[in-house]
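Input: a single structure, listed below in structure tokens.
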Amino acid sequence: MDTDVLIIGGGPAGSYLAYYLVSNGFSGNVMVIDKKAVIYAPVICGELLPSEELLKPWISRELYSILLTTLRVSLRREFIVNEIRELRLVINNHDVGTMPFRTYLIDKAALIRRILEESVSKGATVRFGVTALRCSSDGQGYKCLVHDRQGGEYTIRAKVLVGADAYPSVVDVSLNITRGFDATDLIIATSNRAFGKYGEEEAVIVMDPGLAPGGFAWIFPRGDGTHNIGVGVRNNIAWAGNDPLTYHMAFVNKYGLKQVRKSVLMKTIPVGGLLDRYGIAKAYLIGDAVGSVIPTNGAGINPAMITAHMLGEALIKGRDYASLMNGVLKPLMDRMLLFRRIGDPLLMNRDAMERAFRISRRVIKGSIYEATLSSMRLRTLTKFLLGQVLIKLISTTL
Ligand SMILES: Cc1cc2nc3c(=O)[nH]c(=O)nc-3n(C[C@H](O)[C@H](O)[C@H](O)COP(=O)(O)OP(=O)(O)OC[C@H]3O[C@@H](n4cnc5c(N)ncnc54)[C@H](O)[C@@H]3O)c2cc1C
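Residue numbers (our numbering): 61 to 458.
If you want it as structure tokens, here you go:
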């Protein structure tokens with residue numbers, strides 16, 4: 061089986077790339093394969109997307125203009141399940157109040173389904189239930205061995221190969237493209253729906269290293285009385301024998317949540333910023349596969365679509381994907397990674413978080429709020445850094 065572009069993974073990154081290519085005059089064949097039997101089910105995600113006005117003041121003009129293009133698709137009325145206006149921030153046990161937070165709860169599976177339907181109607185081929193096992197370069201392009209639920213194993217050949225299959229990508233692993241992430245740059249996140257006595261227009265974020273070490277816990281209202289909930293636990297902590305499910309259940313019990321599904325789903329989120337390479341020759345990585353999740357808040361839907369947009373532009377207009385990524389997305393990702401790394405000692409240790417909160421409630425609250433907005437002012441970053449140095453000095457001299 062042959063195609064010009066083979067996209068492995070039909071999540072936000074892969075499906076949006078297919079859509080972008082067939083909608084913008086790409087002349088070759090585009091094929092998407094995904095290992096899931098049913099399109100994008102089950103969903104393991106908070107499904108929260110920011111409004112464009114929330115992000116506009118924080119990001120570069122070029123990034124904003126791409127974001128607008130992707131939001132035009134992801135925030136279509138038909139996918140919006142609920143409109144959220146405020147964020148309630150809880151630090152350890154301190155409810156520090158609410159802040160403006162115009163965001164949307166979307167039906168992510170419906171979004172993916174619609175993007176893929178539109179891609180197919182414009183000529184793309186989409187195959188579900190097909191898992192890429194390994195890929196290699198074969199001189200003229202690439203070949204991938206796949207397992208098809210219906211037809212056993214066969215090879216797909218492609219001139220251009222795209223890993224959009226989250227982290228770690230089979231394309232990355234097979235072709236040895238990147239150095240990968242350390243455990244400290246990965247989060248295991250849990251996901252479920254739950255009933256709870258929380259407002260319908262208010263998202264709740266709990267920064268409590270006792271409940272979500274190295275990450276945070278969230279309650280996002282769906283507008284129908286249920287909430288998308290979960291906790292993020294850094295991999296190095298989970299791998300040291302601390303089961304994320306135990307943290308999840310502690311969070312559920314402490315915050316009075318009644319889970320809808322018995323089984324709690326889990327998935328890895330890369331929070332180490334963009335990987336050291338974005339591709340090799342004509343094999344590329346997009347979305348979680350390239351590490352495009354915002355390191356401070358785990359938001360990855362928009363960034364995945366933004367990387368797909370940039371690769372689409374590179375393939376259609378003959379531009380260099382790496383230069384586009386370095387110019388548009390990397391500065392923001394690097395800044396947020398720096399902030400996450402400076403904040404790690406607090407995120408990993410409840411007492412350290414408590415101390416920092418008591419010493420400077422305003423700086424901690426402001427920094428966490430800005431980090432949640434996917435960006436950060438240089439002034440806030442500097443204050444936070446100085447605060448950290450001060451806390452270190454105080455704790456070592458006491
Ligand atoms: C619990 C949780 C909560 C989150 N909440 C939010 C949120 O509220 N807002 C937000 O913006 N982001 C959130 N994220 C992050 C977001 O879900 C991801 O960043 C985003 O989905 C990345 O898109 P993607 O297309 O790169 O990867 P994915 O969405 O993971 O899609 C990858 C696809 O590849 C397929 N695949 C994998 N391996 C293979 C293979 N070998 N062969 C074929 N197909 C394969 C998978 O089946 C999947 O469909 C959350 C993540 C988690 C885990």
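For glycine and all other residues, C-beta sits at the position ideal for the given N, C-alpha and C.
Keep in mind that this is a model prediction, so the values were computed, not measured.
- Annotated three-state conformation of Thr286 is strand, per DSSP.
- Per DSSP, reduced to three states, the secondary structure at Asn142 is strand.
- Rounded to the nearest angstrom, the gap between the Cα atoms of Leu147 and Ile279 is 10 angstroms.
- Looking only at Val266, Gly270, Pro273, His287, the smallest Cα-Cα distance to Lys257 is reached by His287.
- Every alpha helix (DSSP H) of 4 residues or more that sits fully in the region 374–436 is shown, in chain order, as 381–388, 390–407, 410–419, 421–432.
- For Ile329, the Cβ falls inside the 7 angstroms cut-off from some heavy atom of ligand 1.
- Looking at the DSSP output, Met91 sits in a beta bridge with Leu66, Thr185.
- CA-CA distance, Ala431 to Met393, rounds to 12 angstroms.
- Annotated three-state conformation of Asn313 is helix, per DSSP.
- Between the alpha carbons of Trp299 and Leu108 lies a distance of about 28 angstroms.
- Shown here, Ser111 sits in coil according to DSSP, grouped into three states, outside any helix or strand.
- Taking the Cα positions, Leu375 is about 42 angstroms away from Leu149.
- Among the bridge pairs identified by DSSP, Ser196 is matched with Lys203.
- DSSP places Glu260 in the coil class of the three-state scheme, outside both helix and strand.
- Placement of the Cβ of Gly71 at a distance of less than 7 angstroms from at least one heavy atom of ligand 1 is found.
- For the options Phe139, Glu122, Gly183, Leu176, the alpha carbon positioned closest to that of Ser87 is the one of Gly183.
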